[in-house]
Amino acid sequence: MEDLKKLRLCSFSLTGPAKDWLRCLPRGTITTWKELEDKFLERFFTHSLFQKRRSDILSFKQHESETLCEAYERFKLL
Numbered sequence: 000m001e002d003l004k005k006l007r008l009c010s011f012s013l014t015g016p017a018k019d020w021l022r023c024l025p026r027g028t029i030t031t032w033k034e035l036e037d038k039f040l041e042r043f044f045t046h047s048l049f050q051k052r053r054s055d056i057l058s059f060k061q062h063e064s065e066t067l068c069e070a071y072e073r074f075k076l077l
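Structure follows, in structure tokens:
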């Protein structure tokens with residue numbers, strides 16, 4: 000799909016703070032899909048957040064008192 004179509008459709012798939020962020024960008028700021036990807040990740044998924052989430056996932060352990068299903072549900076929230 001060409002960049003212009005992806006950029007137009009993207010606004011319909013975002014919600015909350017991400018949608019607000021996209022709406023507030025000055026017109027013409029983002030002209031390619033790659034620019035949108037880079038700016039979105041820079042705004043909503045910083046390196047420190049990535050490192051924290053990675054650490055949380057790698058150190059995840061099932062608690063003694065929880066079932067496998069409970070642990071899985073907790074894991075999905077990471």
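Under numbering that gives the first Met the number 0, think of the first position of the sequence shown as 0, with each following residue one higher. We put the beta carbon where it would ideally sit given N, CA and C, even for glycine. Values in this document were obtained by computation on a predicted structure and should not be read as measured data.
Locate the alpha helix (DSSP H) running through residue i, then write down its first and last residues.
i     : result
Glu65 : That residue, Glu65, is in no alpha helix (DSSP H); it is neither H nor E in DSSP.
Phe39 : 32-43
Apart from the five residues just before and just after residue i, which ones in its own chain have a Cβ nearer than 7 Å to its Cβ?
i     : result
Lys60 : none
From residue i to residue j, what does the alpha carbon distance come to, in whole angstroms?
i     : j     : result
Phe39 : Glu69 : 32 Å
Asp55 : Leu35 : 27 Å
Glu65 : Tyr71 : 10 Å
Lys75 : Ile29 : 32 Å
Pro16 : Leu67 : 33 Å
Our contact map puts residue i next to residue j with C-beta atoms below 8 Å; I'd like the distance itself, whole angstroms only.
i     : j     : result
Ser12 : Leu21 : Not confirmed; about 10 Å, so no contact.
Asp2  : Thr45 : In fact, because the Cβ distance is near 25 Å, the residues do not count as touching under 8 Å.
For a cutoff of 8 Å on Cβ pairs, would you count residue i as touching chain B?
i    : result
Cys9 : Looking at the structure shown, chain B is missing, and only one protein chain is on hand.
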